[in-house]
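Shown next, in structure tokens, is the structure this report addresses.
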Amino acid sequence: MRLSRYFLPVLKEDPKEAQIVSHRYMLRAGMIKQQSAGIYSWLPLGLRVLNRIQQIVNEEQIRAGHVPVLMPTLQSADLWRESGRYDAYGPEMLRIKDRHDREMLYGPTNEEMITDMFRAHVSSYKSLPLTLYQIQWKFRDEMRPRFGVMRGREFLMKDGYNFDLTKEDALHAYNRHMVSYLRTYERMGLTAIPMRADSGPIGGEDTHEFLVLAQTGESEVFYDARVTELKLGDRSVDYDNREEVKAVCDEFTTLYARTDETHDEGIFAEVPEEHRRVARGIEVGQIFYFGTKYSEAMGATVVSPEGKQIPVEMGSHGIGVSRLIGAIIEASHDDKGIIWPEGVTPFPVGIVNLKQGDAATDAACDALYKGLAAKGLEALYDDRDERAGAKFATMDLIGLPWRITVGPRGLANGVVEVTSRRTGLSEEMSAEAAIAKIAAIYENI
RNA sequence: CGGAGCGUAGCGCAGCCUGGUAGCGCACCUGCUUCGGGAGCAGGGGGUCGGAGGUUCGAAUCCUCUCGCUCCGACCA
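The opening position of the first sequence corresponds to residue 796 in my numbering, with each subsequent residue numbered one higher.
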């Protein structure tokens, strides 16, 4: 993408309403525009990141054997009366009436609707296990939206629901989600720690939240420092192998890690003092096992092998897709701007043309741009007629992990400059070598 | 929802107390110079001062109502 033809409205000054760094940088980097309290438009750069995150979430869900669907944002109140949550949910739920005075709501979550979908089409244990998920906009009418997309009212969320015959099967689904989530967050360059949590309005017995450590986090967290060193890495996990999946979950949940809701000073005191940590975290996902709470209330049953009608065992699982962008920025930035992990960056690399209009420099940038494209890498090429300082400042702000700088001085020696946004270190090399280097970096991402 | 604020050019702000021709910086446009870390000079465009009512010869400024937004707290993905 040529910057001269793009829509990237960066701001030089800090918008006054943005208090935390991710909100500030998202506004300054031209990623989002607030439309009303807690409701945002996504501008091209922000949309690219949002799409990248959705892509990773989709890939990991499908890898785990889960099946994508898409449900409407607007739901009928009747469905929610069946589960009893229409009255239980409170003013956080946005209620709407259509022209026929029918009561509707903008879904804050989808347990009822998915259960309705399930009961309409599944009637035998032979169809189980089944996990359906979607990535869809939700609305929760927060009393006080703040921190940009980290706590908006409208937000994009991946919500998944498992249907199983037995509790053991449902707990395997729970574990499978935990592993798939760990992999999902790692691909985004995040360390997200599963922590024992409270079930809140979803209800249920077993639940973990995934927390990204950040000073601006909304939750106080208590953990054993060794938990942050655990990595899934390249290991392949067979999602159908219960023991293997369970072993990974045990590995990641044995060390102490809890939010303030479930924190226990007594148990925490048993963690060796040098490993004990108290910090803050941003919640980027949560998994629940809740058994037959919704299936019983809504008559979602299957015929068992013994020929009996039994309510299905369920759980639900969420990833805060839009809020993840805020969390990633909170975890990865410096005083000049964002530093995107390669996995989620809007563009893999930026090209800075230091002398726009100079025939040799323009031609070199052009060749570089095409060479990268031939490797499947779409560069953001700053071809504006701006001074070097302005171009560097823009690149630093929007945080592309790699920058290739092309100027007459380097071209005279046959080199361009490749700079890492994260380390700030530069290397001079031929344009061909630069293309090869960037291509190698992104080969496995 | 309790408390505290703010709405003046795209963004950040001054002007309001003490009523009298709407300003500054950045951004934008034109020209010249400059050109490897947010350039300099000169010129220029852009506002029903959030909205409605009222007081007054006269309201951005005073009064009433209203809408929107932000911050602290409680609550929450």
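We treat Cβ as the ideally placed atom computed from N, Cα and C, and that holds for glycine.
Check T1023 in the structure and name its three-state DSSP category.
As a first step, residue 1023 must be located in the first sequence, where it is residue number 228. Residue state, collapsed to three classes: helix.
Same chain, Cβ closer than 6 angstroms to I907, neighbours up to 5 away in sequence not counted:
Numbered from 1 along the first sequence, position 112 holds the residue referred to as residue 907. According to the sequence provided, residue 907 is Glu. The question's Ile does not apply to it. Contacts found: L874, W875 and S878.
With respect to the alpha helix (DSSP H) encompassing V974, which residues constitute its N-terminal and C-terminal limits?
The residue you call residue 974 lines up with position 179 of the first sequence. According to the DSSP assignment, V974 belongs to the alpha helix (DSSP H) that extends over K962 to R982.
Round the Cβ separation of H972 and G947 to the nearest angstrom and send it over; I've been treating them as touching at under 8 angstroms.
Indexing the first sequence from 1 puts residue 972 at position 177. Indexing the first sequence from 1 puts residue 947 at position 152. In fact, because the Cβ distance is near 24 angstroms, the residues do not count as touching under 8 angstroms.
Using the Cβ count rule (16 or more neighbours within 10 Å means buried), how would you classify L803?
On the first sequence, residue 803 is found 8 positions in, with the first residue counted as 1. When all chains shown are included, L803 counts as buried.
With DSSP run on the structure shown, which of helix, strand or coil describes T1214?
By one-based count along the first sequence, residue 1214 stands at place 419. Three-state result, T1214: strand.
Thinking just about the alpha-carbon of each residue, which of L927, I815 and E898 is nearest to the one in V864?
As a working note, residue 864 is residue 69 in the first sequence. Answer by Cα proximity: L927.
Helix, strand or coil: which one does DSSP assign to I815?
Working through the first sequence from its first residue, we reach residue 815 at position 20. DSSP places I815 in coil when its eight states are reduced to three.
Roughly how many angstroms separate the alpha carbons of D993 and D1045, rounded to a whole number?
In the first sequence, the residue the question calls residue 993 occupies position 198. In the first sequence, the residue the question calls residue 1045 occupies position 250. Our two residues, D993 and D1045, have alpha carbons roughly 19 angstroms apart in a direct line.
Grab me the residues of I1233's own chain with a C-beta within less than 7 angstroms of its C-beta, minus the 5 sequence neighbours each way, in chain order.
By one-based count along the first sequence, residue 1233 stands at place 438. Beyond the five residues adjoining it in sequence on each side, I1233 comes within less than 7 angstroms, by CB distance, of P1143, V1144, L1167, L1172 and W1197 in the same chain, given in chain order.
For my contact list, L1175 and E1078 are in at a C-beta cut-off of 8 angstroms; report their separation, rounded to the angstrom.
One-based indexing of the first sequence puts residue 1175 at position 380. One-based indexing of the first sequence puts residue 1078 at position 283. Contact between L1175 and E1078 does not hold, since their C-beta atoms are separated by about 31 angstroms, which reaches or exceeds 8 angstroms.
Is DSSP giving A1042 helix, strand or coil here?
Indexing the first sequence from 1 puts residue 1042 at position 247. DSSP places A1042 in helix when its eight states are reduced to three.
Does the region 1054–1066 come within contact of the region 1008–1023, defined as at least 3 CB pairs closer than 8 angstroms?
Because the criterion of three Cβ pairs below 8 angstroms is met, the region 1054–1066 and the region 1008–1023 touch.
Spatial neighbours of R1217 within its chain, please: CB distance less than 6 angstroms, with the 5 preceding and 5 following residues excluded, ordered by chain position.
Position 422 of the first sequence, counting from 1, holds the residue named residue 1217. Counting only Cβ-Cβ distances below 6 angstroms, and skipping sequence neighbours, we find I1134.
Verify whether the separation of the beta carbon atoms of L1192 and V844 is less than 8 angstroms.
Residue numbering aside, residue 1192 sits at position 397 when the first sequence is read from its first letter. Residue numbering aside, residue 844 sits at position 49 when the first sequence is read from its first letter. In this structure, V844 does not lie closer than 8 angstroms to L1192 by Cβ.
When burial is assigned at 16 or more other CB atoms within 10 Å of the CB, is P810 buried or exposed?
Working through the first sequence from its first residue, we reach residue 810 at position 15. Exposed: under 16 other Cβ atoms inside 10 Å.
How is D882 classed by DSSP in three states: helix, strand or coil?
Locating residue 882 in the first sequence gives position 87, where the first residue counts as 1. It is helical.
Buried versus exposed call for W932 [16 or more other C-beta atoms within 10 Å across all chains shown]
For the purposes of this step, residue 932 is identified with residue 137 of the first sequence, where counting begins at 1. So W932 counts as exposed.
Name the DSSP bridge partner or partners of E1227?
By 1-based counting over the first sequence, the position of residue 1227 is 432. Answer by DSSP bridge pairing: none, since E1227 is not bridged.
Could you check the C-alpha separation between Y1164 and R1204 for me, to the nearest Å?
As a first step, residue 1164 must be located in the first sequence, where it is residue number 369. As a first step, residue 1204 must be located in the first sequence, where it is residue number 409. Y1164 and R1204: Cα-Cα distance of roughly 19 angstroms.
Beta bridge counterpart(s) of S831 as assigned by DSSP:
The count along the first sequence starts at 1 and reaches residue 831 at position 36. For S831, which the question treats as bridged, DSSP gives the partners I834.
For a test of the three-state rule: what should DSSP assign to L888, helix, strand or coil?
Your numbering for residue 888 matches position 93 in the first sequence. The displayed chain sequence assigns Met, not Leu, to residue 888. Assignment of M888 by DSSP, reduced to helix, strand and coil, places it in the coil class.
Terminal residues of the continuous alpha helix (DSSP H) containing L1167?
Within the first sequence, numbered from 1, the residue matching residue 1167 stands at position 372. Per DSSP, L1167 belongs to the alpha helix (DSSP H) from A1154 to A1169.
Give the DSSP-derived three-state secondary structure of M938 in the structure shown.
What you label residue 938 is simply residue 143 of the first sequence in a count that begins at 1. Reduced to three states, the DSSP call for M938 is coil.
At 3 residues or longer, what runs of the beta strand (DSSP E) sit wholly inside the region 1066–1139?
Taking 3 residues as the shortest admissible run, the region 1066–1139 contains the following complete beta strand (DSSP E) segments, listed from N- to C-terminal end: 1071–1086, 1096–1098, 1104–1106 and 1108–1115.
Using CA atoms only, rank isn't needed, just tell me which of L1119, L889 and D936 is closest to A987.
The sequence position of residue 987 within the first sequence is 192, counting from 1. Of the candidates L1119, L889 and D936, the one whose C-alpha sits nearest the C-alpha of A987 is L1119.
Euclidean distance between Cα positions of F1063 and M945
If you number the first sequence from 1, residue 1063 lands on position 268. If you number the first sequence from 1, residue 945 lands on position 150. When rounded, the distance between both Cα atoms is 29 angstroms.
Residue interval of the beta strand (DSSP E) (run including D1055):
Sequence index remark: in the first sequence, residue 1055 carries index 260 (1-based). Careful: D1055 lies outside any beta strand (DSSP E) and carries neither H nor E.
Alpha carbon of Y920 to alpha carbon of M983, nearest angstrom:
To locate residue 920, count along the first sequence from 1; it is residue 125. To locate residue 983, count along the first sequence from 1; it is residue 188. Their backbone Cα atoms lie some 36 angstroms apart in a straight line.
Cα-Cα separation between D1019 and A1126, rounded to whole angstroms
On the first sequence, position 224 is the one that residue 1019 refers to. On the first sequence, position 331 is the one that residue 1126 refers to. When rounded, the distance between both Cα atoms is 19 angstroms.
Quick one: any contact between the region 1059–1074 and the region 888–895, if contact means 3 or more CB pairs under 8 angstroms?
Output reads no: the region 888–895 does not touch the region 1059–1074.
Can you pull the DSSP bridge partners for M899?
If you number the first sequence from 1, residue 899 lands on position 104. The partner list for M899 (beta bridge, DSSP) reads S871 and I891.
DSSP three-state label for L1031, please.
Sequence index remark: in the first sequence, residue 1031 carries index 236 (1-based). Correcting the residue identity first, residue 1031 is Ser in this sequence and not Leu. The answer is coil: DSSP assigns S1031 none of H, G, I, E or B.
From the DSSP output, in three-state form, read off M908 for me.
Along the first sequence, one-based indexing puts residue 908 at 113. In this structure, DSSP gives M908 a helical state, which the three-state scheme calls helix.
What's the gap between the Cα of S975 and the Cα of F1047?
Within the first sequence, numbered from 1, the residue matching residue 975 stands at position 180. Within the first sequence, numbered from 1, the residue matching residue 1047 stands at position 252. Rounded to whole angstroms, S975 and F1047 show a C-alpha spacing of 13 angstroms.
Quick one: is M1190 buried, meaning 16 or more other Cβ sit within 10 Å of its Cβ, or exposed?
As a first step, residue 1190 is located in the first sequence; it is residue number 395 there, counting from the start. For M1190, the number of other beta carbons within 10 angstroms of its own is at least 16, and it is reported as buried.
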